[in-house]
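Worksheet: the structure to be examined is printed underneath.
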Ligand SMILES: *Cc1c(COP(=O)(O)O)cnc(C)c1O
């Protein structure tokens, strides 16, 4: 084990305890999946987390993620691409990642689907919602989410899993609870309309407990697990 293992093991354990406590408070039986957001963290940090059982890693930058995948080759890990997706990165994401969580327009869904093809397991997709309606944010407007879900479903290389969002950061003075509740409502509405969604990806280091209280099934946590980004 590397020198990094004890602190990572402790942080991972305390995160799991906080996640489980939030689930108990929410009286939720739905498991919550932890995506360890490892962008800008050294390979050794990922290796240490993997050594104590973390299997799912989230990366925003395609080249950086691919380099880490290569360095950790052989380990049984799952890789989520979690940031905005540029169309010229679709081929690499489709070839090297298991999930794409930032799908926010039809063109990206089509390109990812074509690049993934059908000779390997489908790329797992979350549609990113711009839940706070800010022009500066990535994500599709809630009103257009259903049409984008249809486009994802129409791609044989993709499997639609759910919704993802990044609410307004807490330091804007606006609490994230309203955004989380709005996202949960949209998620339930789409499920009622027949979409087989099982993933509501919301909540980061600063607000994951509030996200779980609102029904998150997946949280994406970076700095609480790995410390500040380099
Ligand atoms: C960086 C990032 C995270 C993790 O942020 P922390 O505040 O470090 O937990 C989660 N989701 C996305 C989309 C990110 O870009």
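Residue numbers (this note's numbering): 1 to 230.
The beta carbon of each residue, even a glycine, is placed where N, CA and C say it ideally should be.
- Closest by C-alpha distance to residue 204, out of 82, 52, 72, 141, is 82.
- In the structure shown, residue 155 falls within a coil segment according to DSSP collapsed to helix, strand and coil.
- Residue 30 and residue 48 have their C-alpha atoms spaced approximately 28 Å apart.
- 146 is the residue among 119, 156, 146, 177 whose C-alpha sits nearest the C-alpha of residue 163.
- Per the C-alpha coordinates, the member of 94, 109, 64, 130 positioned closest to residue 120 is 94.
- With a threshold of 6 Å, the Cβ atom of residue 193 does not count as near ligand 1, since no heavy atom of the ligand is closer than that.
- For residue 221, the shortest separation between its Cβ and any heavy atom of ligand 1 lies below 6 Å.
- The beta-carbon separation of residue 111 and residue 90, rounded to 4 Å, stays under the 8 Å limit for a contact.
- Proximity of the beta carbon of residue 103 to ligand 1 is not indicated: no heavy atom of the ligand is located closer than 6 Å.
- Boundaries of the beta strand (DSSP E) harbouring residue 218: 218-221, taken from the DSSP string.
- From the listed residues 106, 44, 180, the smallest Cα separation to residue 210 is found for 180.
- Judged by DSSP in its simplified three-state form, residue 199 adopts strand.
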